[in-house]
Amino acid sequence: MIDNKEKVIVFGIRAIIEAVDSNKSINKVFIQRGLNNKNGFELIKKLNSKSIEISYVPIEKLNRLTPKNHQGAVATISPIKFLNIQDLSELIESKQKELSLLILDQLSDVRNFGAIVRTAECSGVDCIIIQSSGSAPVNGDTIKTSSGAIFNVPICKVPHIKDAIFLLKQHEIKIYGASEKSEIDLYQTKFEKKQAIIMGSEGKGLSSSVIKLCDSLIKIPLLGKIESLNVSVACGAILYELVRQKNY
Numbered sequence: 030m031i032d033n034k035e036k037v038i039v040f041g042i043r044a045i046i047e048a049v050d051s052n053k054s055i056n057k058v059f060i061q062r063g064l065n066n067k068n069g070f071e072l073i074k075k076l077n078s079k080s081i082e083i084s085y086v087p088i089e090k091l092n093r094l095t096p097k098n099h100q101g102a103v104a105t106i107s108p109i110k111f112l113n114i115q116d117l118s119e120l121i122e123s124k125q126k127e128l129s130l131l132i133l134d135q136l137s138d139v140r141n142f143g144a145i146v147r148t149a150e151c152s153g154v155d156c157i158i159i160q161s162s163g164s165a166p167v168n169g170d171t172i173k174t175s176s177g178a179i180f181n182v183p184i185c186k187v188p189h190i191k192d193a194i195f196l197l198k199q200h201e202i203k204i205y206g207a208s209e210k211s212e213i214d215l216y217q218t219k220f221e222k223k224q225a226i227i228m229g230s231e232g233k234g235l236s237s238s239v240i241k242l243c244d245s246l247i248k249i250p251l252l253g254k255i256e257s258l259n260v261s262v263a264c265g266a267i268l269y270e271l272v273r274q275k276n277y
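In terms of this note's numbering, the sequence shown is numbered consecutively and its last residue is 277.
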């Protein structure tokens, strides 16, 4: 297990509720005085039920804590813990029949990262794998964009993406890379029950060294004039094709 040493600021009512529901260690929650809406009442009720410290403050205090859209609530939580390569190996060995992994190859935009985490959690991904350097940080923006889903899906940090790929190959897990260079359509692909999907960075896509390690490359059909999808949208399309094949 890898500890992120930095204190994490969580802002937004839904993101804080998810942190509470996932039993994260919350230090204190700052709530705007006079907050008067249904979601705010739900948050306060949850905080009181778990004896989490609440500080009612003027909006100016919240604005100093974060300039972002905090919706009248900001929390400080203990550092997020990441899985390491050994934890990942143990997770793989614990999955006897089905396994769904998502690898992000140096994806650096925090909002794309947060959106992908949210989709991954909703579609049943077992673990998201990121590289220690060159990847989007887990910060308040990531947590807010993920609507708190980041508290519910394991994230593994590895020194290099290849370290994870080599481990997956040892366990005979099929690796699919998303690339517009592929000749194989997403909807022509029959996914294995144990698989990993690799998504590339926003500007460059998959690195050439990672492409060489993929067992198969897949592309999403594009019928319009634009040449590519946003990476979070593309990831959602692939993950929900996996859901369709598993369940329908």
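All C-beta atoms, glycine included, are put in the ideal place defined by N, C-alpha and C. Just so it is clear, the structure is predicted and the values come from calculations on it, not from any experiment.
With DSSP as the reference, label residue i as helix, strand or coil.
i, result
"THR218", "coil"
"ALA149", "helix"
"CYS264", "helix"
"ALA178", "helix"
"GLN135", "coil"
"TYR269", "helix"
"ASN56", "strand"
"THR105", "strand"
"ILE114", "helix"
"ILE121", "helix"
"ILE158", "strand"
"VAL187", "strand"
"LYS248", "strand"
"VAL49", "helix"
"GLN100", "coil"
"ILE38", "strand"
Go ahead and label residue i buried or exposed: buried means 16 or more other beta carbons lie within 10 angstroms of its beta carbon, across all protein chains shown.
i, result
"TYR205", "buried"
"LYS223", "buried"
"GLY63", "exposed"
"VAL154", "buried"
"LEU252", "exposed"
"VAL187", "buried"
"ASN141", "buried"
"ARG273", "exposed"
"ILE227", "buried"
Nearest to residue i by CA position, among the options, is which residue?
i, options, result
"THR174", "LYS124, LYS254, ILE73, ILE145", "ILE145"
"SER51", "ILE109, LEU271, GLU89", "ILE109"
"PRO183", "GLU212, PHE40, ILE42, SER118", "SER118"
"ASN113", "SER137, GLN160, ASN68", "GLN160"
"ILE55", "LEU64, LYS79, GLY63, LYS74", "LYS79"
"LYS233", "GLU122, ASN92, ASN259", "ASN259"
"ALA207", "PRO188, SER107, ILE240, PHE220", "ILE240"
"SER238", "THR171, CYS185, GLU221, GLN135", "GLN135"
"ILE249", "ILE213, ILE60, HIS99, CYS151", "ILE213"
"HIS189", "SER164, LYS198, ILE202", "SER164"
"PHE111", "ASN141, VAL167, ILE88", "VAL167"
"LEU94", "ILE227, ASP244, ALA263, VAL37", "VAL37"
"ILE81", "LYS126, TYR277, ILE106", "ILE106"
"ASN65", "ILE255, GLU122, PRO96, GLN100", "GLN100"
Please work out which residues of its chain come closer than 8 Å, Cβ to Cβ, to residue i, disregarding the five sequence neighbours upstream and downstream, and give them in chain order.
i, result
"ASN77", "ILE83"
"VAL86", "PHE59, ILE60, GLN61, ARG62"
"LEU22", "This structure cannot settle anything about residue 22, because the visible part of the chain is limited to 30 through 277."
"CYS151", "ALA178"
Among residues of its own chain, excluding the 5 on either side of residue i, which ones have a beta-carbon nearer than 7 Å to its beta-carbon?
i, result
"ILE45", "VAL39, VAL58, LEU72, ALA102, ALA104"
"SER257", "GLU209"
"PHE180", "GLU47, ALA48, SER51, LYS53"
"SER176", "ARG43, ALA44, GLU47, ARG147"
With a threshold of 6 Å on Cβ separation, who are the neighbours of residue i within its own chain once the five nearest residues in sequence on each side are excluded?
i, result
"ILE158", "ILE132, CYS185, ALA193"
"LEU242", "ILE194"
"ILE202", "LYS223, ALA225"
"VAL139", "ALA165, ASP170, THR171"
Taking 8 Å as the threshold (beta carbon to beta carbon), is residue i in contact with chain C?
i, result
"THR95", "Looking at the structure shown, chain C is missing, and only one protein chain is on hand."
Counting only runs of 4+ residues fully inside the region 190-243, write out the alpha helix (DSSP H) ranges in chain order. For the region 190-243, whole alpha helix (DSSP H) runs of length 4 or above, ordered along the chain, are 190-199, 237-240.
Extract the residue ranges of the alpha helix (DSSP H) inside the region 64-95, only unbroken runs of 4 or more that lie entirely within it. Complete alpha helix (DSSP H) runs here, min 4: 67-78, 88-94.
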